[in-house]
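Each residue of the sequence shown is one higher than the last, beginning at 102 in my numbering.
A virtual CB, placed ideally from N, CA and C, is assigned to each residue, including glycine.
Notes for the one structure printed next.
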Amino acid sequence: MKEYRLEALKRKIKEFPSIELICRPTPLYPLEKLNQQARGTKILIKRDDLTGLAFGGNKSRKLEFILADALKRGADTIITWGAMQSNWCLQLAAAARKFGLRPVLLLFKSYDVPAIYEGNVFLEYLLDAQIEIKESEERGKSVNQDKALELLEELAARERAEGYRPYLVPVGGSTCGGHLDKPLGALSYFQAMLEIYEQAAAVSALPDYVVIASGSGGTQAGLLVGAKALGLKTKVVGICVSDKKEEFLPVVKQIAFDLVKMLELEIQLDNEDFILFDNYLGAGYGLITAEIAGTIRNLFKTEAVLLDPVYTAKAMLGLIDLLKRNYFSSNDRILLVHTGGTPALFAFKDYLLSQLSAGQ
Ligand SMILES: Cc1ncc(COP(=O)(O)O)c(C=O)c1O
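Structure, rendered in structure tokens:
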């Protein structure tokens with residue numbers, strides 16, 4: 102299996118057009134107070150919640166490539182879908198506005214989600230994004246991709262009839278679909294792995310594990326392919342936030358294989374490289390449990406870092422539990438990538454408060 106030098110991989114990335122949306126590198130540092138309780142294991146955090154675009158998050162990185170593709174194709178409108186409190190939709194709308202595109206969002210609402218103009222939706226409203234709301238069929242489950250793409254096509258037909266040139270992109274910017282015919286979202290996390298490598302190597306702190314919340318799969322696939330191409334031993338651990346492992350694993354694999362192909366990398370990906378845990382799903386996608394609320398409070402109290410209730414709190418919950426179960430060795434370095442999502446905290450405020458007060 103081939104090992105690539107950093108500069109060679111950077112050159113490969115440069116072959117794909119990108120726009121500048123984020124401040125990089127995002128900070129990477131140890132969580133000192135947490136580490137005092139962790140008996141030798143060192144936990145570090147990479148603050149991709151501080152990318153600098155509309156409250157930050159992993160989607161800012163993905164959009165640097167995806168929006169560049171939309172602009173290259175002459176689009177004037179960008180259409181996507183997501184859950185009601187989708188961080189992706191907010192990031193896409195903000196990035197679109199910055200580059201002169203009209204954001205059109207199809208949001209799927211389950212019957213018990215918080216009031217409409219809260220959190221991310223409030224910010225999308227401020228951005229004057231065009232918002233369409235549909236009832237989703239199942240509570241705590243992700244929306245069926247094929248069905249959502251069908252609805253997106255209908256929306257796009259309407260936009261075309263009005264004279265616009267829409268660019269369609271699936272939720273999360275991870276899987277190919279609509280106009281996104283290459284794994285450009287995952288490419289950005291391949292690039293982020295190079296950034297992690299440079300930051301960590303400078304302080305001799307290469308992580309043994311990178312832990313992330315995995316939702317549409319692009320972040321995990323990109324980090325994994327990046328680590329493999331660099332020849333690192335670093336393992337990438339995905340904590341499922343919406344789907345069970347058996348449904349989700351093939352999605353992550355497909356994105357990773359597509360990325361290897363797109364970058365023409367001579368590397369091998371084995372089954373054991375794809376690590377996913379689905380036992381921290383709690384009650385389902387976007388549903389708040391007492392453990393999630395407690396995890397958010399604990400990290401805010403100890404490290405002054407705010408997690409979000411749908412993604413990063415589940416990742417942290419998983420990390421801490423795996424630590425307790427001795428999944429990691431005592432001297433391992435574990436890097437949690439904070440992938441953003443904090444505006445949703447405000448939308449889920451009542452759920453969080455009730456879980457916190459019930460636990461007291
Ligand atoms: C805050 C946050 N973290 C993690 C993820 C998961 O990233 P991916 O969709 O690339 O798996 C998302 C996706 O929406 C997110 O919003």
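On the CB-based measure, 16 or more other CB atoms within 10 Å of its CB, does C341 come out buried or exposed? It counts as buried.
With distances taken between CB atoms, is the gap from A196 to L154 smaller than 8 Å? yes
Sheet register partners of P204 (DSSP bridge): I179
For the beta strand (DSSP E) containing C341, name the first residue and the last one. K336 to C341
Which two residues bound the contiguous alpha helix (DSSP H) that contains Y310? Run containing Y310: none in the alpha helix (DSSP H); it sits in the beta strand (DSSP E), Y310 to S315.
What does the alpha-carbon distance come out to for the pair L250 and K235? 13 Å
Rounded to the nearest angstrom, what separates P410 and A287 at their Cα positions? 23 Å
So, under 8 Å CB-CB, T320 and Y290 are touching, yes? Tell me the CB distance rounded to an integer number of Å. Correct: roughly 5 Å between the Cβ atoms.
Which value, in whole angstroms, describes the spacing of the CA atoms of L253 and T440? L253 and T440: Cα-Cα distance of roughly 26 Å.
Spatial neighbours of A462 within its chain, please: C-beta separation below 7 Å, excluding the five flanking residues on both sides. Coverage of the chain is limited to positions 102 through 461, which leaves residue 462 absent and any answer about it impossible.
With 16 as the cutoff for other CB atoms within 10 Å, does L453 come out buried or exposed? buried
I356 - containing alpha helix (DSSP H), residue span: K346 to M363
Straight-line CA distance for S458 to P267? 46 Å
Ignore the nearest five residues each way along the sequence and tell me which others in M294's own chain have a CB closer than 6 Å to its CB. L324, G327 and A328
Reduced DSSP secondary structure (H/G/I, E/B, other) of F378: strand
Identified DSSP bridge partners for K210: E236
State the beta-bridge partners of Y130 as determined by DSSP. I146
Per DSSP, what kind of secondary structure is V438 in: helix, strand or coil? In the structure shown, V438 sits in a strand (DSSP, three-state: E or B).
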